[in-house]
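Chemist: According to the working numbering, the residues represented by the sequence shown are 141 to 387, in order. C-beta: ideal position from N, C-alpha, C; glycine also. Dropping a structure here in structure tokens format, bear with me for questions.
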Amino acid sequence: MTHLDCRIHADREALSRAAAERVTALCRQAASARGTCHLALAGGSTPRQLYTLLAEPDWSRQLPWPALQIYFGDERAVPPDHPDSNYGMARSAWLACAPLTAGQIHPMAADPGRIDLDAADYAALLERRLPRNEAGVPVFDLILLGLGADGHTASLFPDTPVLDERTHWVAPVYPGPGEHWRLTLTLPVLEAARHLLFLVAGADKAGAVARVLGTPAGADPLPAQRIKAQGRVEWYLDAQAAGGLQA
């Protein structure tokens with residue numbers, strides 16, 4: 141990864157507050173510079189804590205609401221009210237109380253019976269609504285990401301064909317037996333973003349963090365390590381997640 145900034149916070153709460161400050165600042169910056177902020181949300185417990193903060197009045201009033209366009213970095217093929225739905229989580233923690241119109245929120249529809257069509261539909265949405273770089277890849281202002289203990293980010297899992305996808309912006313993923321089908325943004329879209337913000341907490345992530353941040357981009361097969369970002373990459377870690385990093 142290039143243009144990388146790593147910040148370590150005492151605990152999950154401190155991480156979330158720092159992330160709220162950074163997200164609101166980046167959203168205002170994008171709105172001021174380009175009139176719109178295209179923001180992709182992540183699932184997971186650490187982003188949920190961030191969204192809960194952003195719903196509070198002190199943070200909410202700092203966001204440029206009319207300029208926001210909200211998308212998702214990945215989604216499971218479950219109904220919106222399912223406990224595993226990233227959209228459902230973001231809606232209950234933040235979006236339901238946000239001053240946004242329906243046209244500003246763009247959930248990923250993921251139906252296992254038409255998963256390829258859903259991927260194509262979401263990719264077409266991105267092509268219609270987002271600016272594109274010289275290679276034609278949609279460019280987000282900010283993508284929020286987490287990190288799994290196995291090194292996955294969004295729904296880019298180790299040893300899955302989607303890691304080699306370079307021509308489709310959204311792709312279906314089947315993580316394995318007992319898992320839901322998913323949709324995910326692909327590596328070219330993550331790489332094209334102006335900002336990537338990783339939010340990682342917990343001792344179970346320390347090994348993956350050390351592998352991703354301890355080697356040059358592409359030197360390790362972990363999915364998060366394969367991102368060759370064109371924009372700025374920021375990692376917000378709590379002390380436990382950073383436990384494997386060398387001082």
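1. With DSSP as the reference, label Gln209 as helix, strand or coil.
2. What separation, rounded to the nearest whole angstrom, lies between the Cα atoms of Ala364 and Leu265?
3. Rounded to whole angstroms, what's the CA-CA distance from Leu270 to Ser295? Just pull it up for me.
4. Could you tell me which of Gly213, Ala170, Gly184, Leu323 sits nearest to Leu203, measuring between CA atoms?
5. Express the C-alpha separation of Leu282 and Ala165 in angstroms, rounding to a whole number.
6. In its own chain, which residues sit with a C-beta less than 6 Å from the C-beta of Pro252, not counting the 5 before and 5 after it?
7. On the CB-based measure, 16 or more other CB atoms within 10 Å of its CB, does Asp214 come out buried or exposed?
8. Determine the direct distance from the alpha carbon of Leu194 to that of Arg168, and round the result to whole angstroms.
9. Opposite Phe338 in the DSSP bridges: which residues?
10. Between Gly288 and Arg147, what straight-line distance do the alpha-carbon atoms span, to the nearest angstrom?
11. Just curious, the beta strand (DSSP E) that Ala159 is in, first and last residue?
12. List the residues that DSSP assigns as beta-bridge partners of Asp299.
Modeler: This is what the structure gives:
1. Three-state DSSP puts Gln209 in a strand.
2. Straight-line Cα distance between these residues: approximately 25 Å.
3. Approximately 21 Å, taken between the alpha carbons.
4. With distances taken between Cα atoms, Leu203 lies closest to Ala170.
5. If you take the alpha carbons of Ala165 and Leu282, they lie about 11 Å apart.
6. So the qualifying residues of the chain are Ala217, Trp321.
7. Buried.
8. A straight-line Cα-Cα distance of about 14 Å links Arg168 and Leu194.
9. DSSP, once it has assigned bridges, lists Leu285, Trp375 as partnering Phe338.
10. Computed Cα separation, rounded: 18 Å.
11. First-last for Ala159: 152-174, but that is the alpha helix (DSSP H), not the beta strand (DSSP E).
12. According to DSSP, Asp299 bridges with nothing at all.
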